[in-house]
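Visitor: One line per chain: the protein sequences are A and B, in this order.
Position one of the first sequence corresponds to residue 205 (the numbering used here), numbered consecutively onward.
Position one of the second sequence corresponds to residue 78 (the numbering used here), numbered consecutively onward.
Take a look at the following structure, please.
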Amino acid sequence: MLKDITLGQFFPGTSIIHRLDPRTKLIGLIAYIVALFTAGDWVSYGIVFAFLATCVAISKIPLKSFIHGMKPLVLILVFTGILNLFFTTGERVLVQFWRITITLEGVERALFMMGRILMLICGTFLLTYTTSPISLTDGLESLLSPLKKIHLPVHELSMMMCIALRFIPTLIEETDKIICAQKARGADFETGKIIERVKALVPILVPLFISAFRRADELATAMECRCYHGGDGRTKMKLLRLKRFDYGTFFLLAVLIAAVIFVAQLGL
Amino acid sequence: MTPILEVKNLHHIYSIGTPFEHIALKDVSFCVDRGEFIGIIGHTGSGKSTLMQHLNGLLKPTSGEVLLDGQSIWANKKQTRQARFRVGLVFQYPEYQLFEETVYKDIAFGPKNMGLSAEEVDRRVREAAGFVGITEDQLEVSPFDLSGGQKRRVAIAGVIAMEPEVLILDEPTAGLDPEGREDILRNIENYRIAKNATIMMVSHSMSDVARLADRLLVMNDAALAMDGTPTEVFAHAGQLLDMGLDIPEITRLFLKLQQMGIAVNSVYTIHQAVAEIKRIREENAHA
């Protein structure tokens, strides 16, 4: 059951999107989000959506994975929809009873906001689905490296992120094992009042924390044994280098933003 | 008499209907009688752990049945819960599941979940501690202050305290020194004798299982490859080696002798080897 978590999962592949430089993808995501938030009407929305749909199609990631990953976020989506539906004031009233009024503007706005969140999530999923955690942190480190000038420990931060991502599956596996072991001793996580259920988590959390600390300790020793001493003077095995595809992508992104702004200017 | 455990045509497939689909068990059937000591051997990924988790209802079979005392453990919720208590399961490296403030409380976790009275819990905790050689003073210390071997014994006591009729252990001696291993194996044997319990032990140490078990189950490629007494199983030493399994050193030596054309029977303990060599010498003396 815990193994079904897809948030942040990576699907290995060989599509153009997979092969893009991680920095291009990161910048691309930012540009895409800018375009998405600049888009203020259905035409520009259509343009952004077309861009997203093309990228998803090229990546060859099954649509099912996107829908599956969306599941934990349904609540936020519904909440946004309802808020916008009921709290948007407008003139064209559709339904009115008691203190609740639903206007056409409200419906439009609710759909608009939900669409924005959906496209935002899909875009981020596309990044994590097509980029391995290691190349993602590599890209992030490289993009943030100018901040070293103001003494921000960029390498250390990205190393921490990399380790955190690397240990998510390990810890999930560990949790599964501990749950099984405590179930074998008659622990019951499914019934009882809320307080009992919270208490039932103690036999899982204590061993999990202890093992996480133990792992951290062992990892630190192992890194030290291999003379790790932070980012200074450290070279990369895989150097990031922008290719033709990457420049092409930058051009496309510029076109996307220009198109969205142009449509917004026209005020269609 | 009905066997304590009966496994009928057990199949298990992980992540069914996804690209990660994986057959972990196919058509496994066997019976376990009360009081037996069964060793389960098989290389990593052969389905041993999956099999074990079916025997106390942690995993639900894709098809097939597990009968405890003649009744399916999935018949109803009560049966499943009962199976958890009647079939005790000790996982690999069980010391990593300790969580309570004191050794006493940790051992009491299982019996308390069974809903027993305070006196009964107390009796069981002390008795279980006795089986694994945990002293009275040690009951009041934090389990995290104990040594690795002691932690392991506390964790095993936590399962023994439920007084299961079948005690299943996954590599209970992994990562311990020879003395610690002997201690644990002796504790398990003591429990079996005192409660007439059934023991099923997964182990990679062939000499341990060969010495202790009445019967061996050999798992290979998600299926039950062999089922028989150690003598029967180790008679197929060559086949075991083909499955990527280890055999006791003495068995290996005698296999070499057989390959050299010397008519010796297969053995798996030093005592048997000595007897066998004596027999051959006597035969030669008569000839």
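For each residue, glycine too, the CB sits at the ideal point set by N, CA and C.
All values derive from a computational prediction rather than experimental measurement.
List the residues of chain A that M191/B touches, going by C-beta distances under 9 Å, in chain order.
Guide: Result: G390.
Visitor: Would you mind telling me which residues of chain B sit closer than 9 Å to P542/A, beta carbon to beta carbon, in chain order?
Guide: There is no way to answer for residue 542/A, as the model of chain A reaches only from 205 to 472.
Visitor: Would DSSP call Y91/B helix, strand or coil?
Guide: Here Y91/B sits in strand by DSSP.
Visitor: Can you check whether the C-beta of A385/A is within less than 9 Å of a C-beta belonging to chain B?
Guide: With 9 Å as the cut-off, A385/A counts as an interface residue toward chain B.
Visitor: Going residue by residue through the region 221-257 of chain A, where are the continuous alpha helix (DSSP H) segments of at least 4 residues, counting only ones entirely within it?
Guide: Listed in chain order, they are 226-242.
Visitor: Measure from the alpha carbon of T335/A to the alpha carbon of each residue in Y451/A, G232/A, V464/A, then state which is nearest.
Guide: Residue G232/A is the option with its Cα nearest to T335/A.
Visitor: Which of the residues in the region 222-244 of chain B, read from start to end, lie with their CB under 8 Å from any CB of chain A?
Guide: Listed in sequence order: G235, V236, M239.
Visitor: Hey, how far is the Cα of S349/A from the Cα of I265/A?
Guide: Each residue's Cα considered, the two are about 31 Å apart.
Visitor: Please report the residue range of the alpha helix (DSSP H) in which A314/B lies.
Guide: It spans 314-319 - the alpha helix (DSSP H) in which A314/B sits, taken as one unbroken run.
Visitor: Buried or exposed: which applies to Q300/A, given that a residue is buried once 16 or more other Cβ atoms fall within 10 Å of its Cβ?
Guide: The residue is exposed, with fewer than 16 neighbouring Cβ atoms inside 10 Å.
Visitor: Determine whether the Cβ of Q130/B lies closer than 9 Å to any Cβ atom of chain A.
Guide: Cβ-Cβ to chain A under 9 Å: yes for Q130/B.
Visitor: Under 7 Å Cβ-Cβ, which residues of chain B neighbour K403/A?
Guide: Per Cβ cutoff of 7 Å: no residues; K403/A is ~12 Å from chain B at best.
Visitor: With H, G and I counted as helix, E and B as strand and the rest as coil, what does DSSP make of L211/A?
Guide: At L211/A, the pLDDT of 49 sits below 50, so the modelled position is not reliable and the matter cannot be decided from this model.
Visitor: Could you check the C-alpha separation between R163/B and G305/B for me, to the nearest Å?
Guide: Looking at the two C-alpha atoms, the distance is approximately 25 Å.
Visitor: Under 8 Å between beta-carbons, which chain B residues line up against K381/A? List them in chain order, please.
Guide: The contacting residues are F168.
Visitor: Mapping the DSSP letters down to three states, classify D392/A as helix, strand or coil.
Guide: D392/A: coil per DSSP, three-state reduction.
Visitor: What residue does the alpha helix (DSSP H) around R358/B start on, and which one ends it?
Guide: R358/B -> alpha helix (DSSP H) spans 347-363.
Visitor: Does chain B have any CB closer than 9 Å to the CB of S346/A?
Guide: So no, S346/A is outside the interface.
Visitor: What do you get for L246/B, buried or exposed, if any count of 16 or more other CB atoms within 10 angstroms of its CB means buried?
Guide: Buried, because 16 or more other Cβ atoms sit within 10 Å of the Cβ of L246/B.
Visitor: In whole angstroms, give me the CA-to-CA distance for I117/B and D298/B.
Guide: Near 14 Å, if we compare the C-alpha coordinates of D298/B and I117/B.
Visitor: Which one of L460/A, E428/A, I280/A, H272/A has the shortest CA to CA distance from I321/A?
Guide: Comparing Cα-Cα distances from I321/A to each of L460/A, E428/A, I280/A, H272/A, the minimum goes to I280/A.
Visitor: For A420/A and chain B, any beta-carbon pair shorter than 9 Å?
Guide: Not closer than 9 Å to any Cβ of chain B, the Cβ of A420/A fails to qualify, so no.
Visitor: Please tell me whether A232/B and D183/B are closer than 9 Å, where the distance is taken between their beta carbons.
Guide: Closer than 9 Å, so yes.
Visitor: Buried or exposed for G235/B, going by 16 or more other Cβ atoms inside 10 Å?
Guide: Buried: at least 16 other Cβ atoms inside 10 Å.
Visitor: Is it buried or exposed for M205/A, if we count other Cβ within 10 angstroms and need 16 for buried?
Guide: Any reading at M205/A needs caution, since the residue's pLDDT is 45, under 50, leaving its predicted position unreliable; the model's value is listed next. Exposed: under 16 other Cβ atoms inside 10 Å.
Visitor: Can you tell me which of the three DSSP states H99/B falls into?
Guide: Here H99/B sits in strand by DSSP.
Visitor: Which whole-angstrom value is the C-beta distance of Y173/B and S415/A, which I expect to be below 8 Å?
Guide: About 6 Å separates the two Cβ atoms, so the contact holds.
Visitor: Give every residue of the same chain whose Cβ lies closer than 7 Å to the Cβ of R227/A, excluding the five residues on either side of it in the sequence, and list them in chain order.
Guide: Only G343, S346, L347, L444 meet the Cβ criterion.
Visitor: Counting only beta-carbon separations shorter than 9 Å, does N361/B have a partner in chain A?
Guide: It does not; no Cβ of chain A falls within 9 Å.
Visitor: Can you give the beta carbon distance from G141/B to K85/B, rounded, assuming they're within the 8 Å contact cut?
Guide: Yes, G141/B and K85/B are in contact; Cβ-Cβ is about 6 Å, under 8 Å.
Visitor: Can you give me the C-alpha to C-alpha distance between L244/B and E204/B, rounded to a whole angstrom?
Guide: About 16 Å.
Visitor: Cβ of M205/A less than 9 Å from any chain B Cβ?
Guide: With a pLDDT of 45 at M205/A, under the threshold of 50, the modelled position of that residue is not reliable, and the figure given next carries that caveat. M205/A does not count as touching chain B.
Visitor: Any Cβ of chain E within less than 9 Å of the Cβ of N133/B?
Guide: Absence of chain E from the displayed structure is noted, the protein chains being A and B.
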